[in-house]
Amino acid sequence: MPDTTRQQKTTGHDQATRHDRSRQNQTGHDQTERDQEDLPVQTIHFDSDREAPDLVDPVFEVSDLSVFYGDYEAVRDVTMTIGRRQITAMIGPSGCGKSTVLRCFNRMNDLIPGTRIAGKISYHGQDLYGTDVDPIEVRRRIGMVFQKPNPFPKSIYDNIAYGPRVNGVRRGLDDIVEESLHEAALWDEVKDKLKDSALALSGGQQQRLCIARTIAVKPEVILMDEPCSALDPIATAKIEDLMQRLAQRFTILIVTHNMQQAARVSDRTAFLTADVDDDGVRHGRLIEYDITGHIFTTPSDNRTEAYITGRFG
Ligand SMILES: Nc1ncnc2c1ncn2[C@@H]1O[C@H](COP(=O)(O)OP(=O)(O)OP(=O)(O)O)[C@@H](O)[C@H]1O
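Quick note: this note's numbering has the sequence shown finishing at residue 321, numbered continuously throughout.
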């Protein structure tokens, strides 16, 4: 394919080096990579002026994490540190274990029978899976927003008030509801219909309602599992704007299939993929974890390069 048909992925990235790496990919890696010469290179826009965050104040430290569903080791040996008030994206091809890893951060996998982990996740230095840790309290501090908006079949008000009520809050609910809806950038759209059913909202509004519901119990961390995959581009843009604002107060981890989204919103990006062991079993692995700008401009691993340029996955 002539070079003129290739799009420049990011500013300042060396075309010759990229081409050389591509050749290595062709010869060096697994069969999931497609024929690179036939495919256009994907354009990922990355704001290169964005400040690179450091990890001086980690919220989570993950070491040698493996996750098993029964005997099946779905994810193997993940080690990464999650910075406070940063947005960390997890990207990678379908089935590489992104959601599996995400669910470990608030022990949601505990709810799936037969699931266990090996290795360690520390939360502010404490073993998240320690025997003295209450998983319910973990899920209050580390909230989750799912792929499909899932409001309760209740009023907008009662959706937001639900979590605080369960936690025993009886006073000041009106303020909590208003603040949470403000923080989720939904207040102006719903302030006159708080008693209406949440199910009457649009998909994008429902997802912001779910974010407001998560915020209402005052978590420190918000996990988002493909939060925009069911939304149109306008609703997606609103959620992305919202994430940027929420990151001033919350630590956010997001799983996304949308690499542009990871490049647009995240401070750090983890690239996972699945490889096949000698027994023919696929295991998810963390290939590369770095500042998002590095992942999308100068990835260290050929497989990351191949994935972000659309050559496999
Ligand atoms: N509840 C479960 N029981 C058994 N295996 C599971 C379960 N959930 C996921 N798996 C397996 O674990 C592996 C990783 O799945 P996971 O859903 O975490 O990947 P993913 O990268 O999030 O995929 P996708 O991008 O398609 O959502 C897959 O092989 C999947 O089939």
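We put the CB at the ideal spot given by N, CA and C, even for glycine. Here the structure is a predicted model, which means the values were calculated and not measured.
DSSP-derived helix/strand/coil call for residue 291: Sequence index remark: in the sequence shown, residue 291 carries index 283 (1-based). Residue 291 falls in the strand class under three-state DSSP.
8 Å Cβ cutoff met for residue 231 and residue 113: Start at 1 with the first residue of the sequence shown, and residue 231 comes out as number 223. Start at 1 with the first residue of the sequence shown, and residue 113 comes out as number 105. Contact flag set, yes.
Buried or exposed (CB count within 10 angstroms, at least 16 for buried), residue 206: The residue labelled residue 206 in the question sits at position 198 within the sequence shown. Buried, because 16 or more other Cβ atoms sit within 10 Å of the Cβ of residue 206.
Contact test: residue 170 Cβ vs ligand 1 heavy atom, cutoff 7 Å: As a position in the sequence shown, residue 170 is number 162, starting the count at 1. No, the Cβ of residue 170 stays beyond 7 Å of every heavy atom of ligand 1.
Reference residue 128; option with closest CA among 71, 282, 229, 240: Locating residue 128 in the sequence shown gives position 120, where the first residue counts as 1. Answer by Cα proximity: 71.
Any non-hydrogen atom of ligand 1 within 7 Å of residue 108 CB: By one-based count along the sequence shown, residue 108 stands at place 100. Checking the Cβ of residue 108 against ligand 1 gives yes.
Test: residue 307 CB closer than 8 Å to a CB of chain D: No chain D is present in this structure, which holds just one protein chain.
Those residues which DSSP pairs with residue 259 across a bridge: Translated into positions along the sequence shown, residue 259 becomes position 251. DSSP, once it has assigned bridges, lists 229 as partnering residue 259.
Coarse secondary structure for residue 35, derived from DSSP in three states: Here residue 35 refers to the residue found at position 27 of the sequence shown. Its pLDDT being 32, under 50, residue 35 is placed unreliably by the model, and the measurement read from it follows with that caveat. Reduced to three states, the DSSP call for residue 35 is helix.
Helix, strand or coil at residue 268 [DSSP, three-state]: Here the question's residue 268 lines up with position 260 in the sequence shown. Of the three classes helix, strand and coil, the one that applies to residue 268 here is helix, per DSSP.
Any non-hydrogen atom of ligand 1 closer than 7 Å to residue 120 Cβ: Reading the sequence shown from its first residue, position 112 is the one you call residue 120. Because some heavy atom of ligand 1 lies under 7 Å away, the Cβ of residue 120 counts as near it: yes.
Cβ contact check for the region 193-211 and the region 126-140: 3 or more pairs under 8 Å: no
Residue 112 Cβ short of 7 Å to ligand 1 heavy atom set: Residue numbering aside, residue 112 sits at position 104 when the sequence shown is read from its first letter. No, the Cβ of residue 112 stays beyond 7 Å of every heavy atom of ligand 1.
Status (buried if at least 16 other CB within 10 Å, exposed otherwise) for residue 179: As a working mapping, residue 179 is identified with position 171 in the sequence shown. Flag for residue 179 reads exposed.
Inter-residue spacing [alpha-carbon to alpha-carbon] between residue 62 and residue 203: Against the sequence shown, residue 62 aligns to sequence position 54. Against the sequence shown, residue 203 aligns to sequence position 195. Their backbone Cα atoms lie some 44 Å apart in a straight line.
Straight-line gap, residue 32 to residue 80 (C-alpha atoms, nearest Å): As a first step, residue 32 is located in the sequence shown; it is residue number 24 there, counting from the start. As a first step, residue 80 is located in the sequence shown; it is residue number 72 there, counting from the start. With a pLDDT of 35 at residue 32, under the threshold of 50, the predicted position of this residue should be treated as unreliable, and no value is reported.
C-alpha distance - residue 218 paired with residue 286, whole-angstrom precision: By 1-based counting over the sequence shown, the position of residue 218 is 210. By 1-based counting over the sequence shown, the position of residue 286 is 278. Straight-line Cα distance between these residues: approximately 43 Å.
Distance between beta carbons of residue 164 and residue 198, contact taken as under 8 Å: If you number the sequence shown from 1, residue 198 lands on position 190. If you number the sequence shown from 1, residue 164 lands on position 156. About 5 Å; that satisfies the 8 Å criterion.
Segment limits, alpha helix (DSSP H) that includes residue 317: The sequence position of residue 317 within the sequence shown is 309, counting from 1. Segment: none, residue 317 is in no alpha helix (DSSP H) and carries neither H nor E.
Residue 236 Cβ short of 7 Å to ligand 1 heavy atom set: Along the sequence shown, one-based indexing puts residue 236 at 228. Outside the cutoff, so no.
Buried/exposed call for residue 36, threshold 16 Cβ in 10 Å: Residue numbering aside, residue 36 sits at position 28 when the sequence shown is read from its first letter. Residue confidence is low: residue 36 scores 35 on pLDDT, short of 50, so the model does not pin down where it sits. Its coordinate-derived value is still stated next. Residue 36 comes out exposed.
Boundaries of the alpha helix (DSSP H) in which residue 305 is found, first to last residue: Against the sequence shown, residue 305 aligns to sequence position 297. Residues 300-305.
Straight-line Cα distance separating residue 261 from residue 278: Within the sequence shown, residue 278 is the residue found at index 270, counting from 1. Within the sequence shown, residue 261 is the residue found at index 253, counting from 1. Roughly 10 Å between the two C-alpha positions.
Three CB pairs or more closer than 8 Å across the region 90-101 and the region 262-282: yes
Residue 100 Cβ short of 7 Å to ligand 1 heavy atom set: Locating residue 100 in the sequence shown gives position 92, where the first residue counts as 1. Yes, Cβ of residue 100 sits closer than 7 Å to a heavy atom of ligand 1.
Member of 105, 125, 244 whose CA lies at the smallest distance from the CA of residue 74: Counting from 1 along the sequence shown, the entry for residue 74 is found at position 66. Per the Cα distances, 125.
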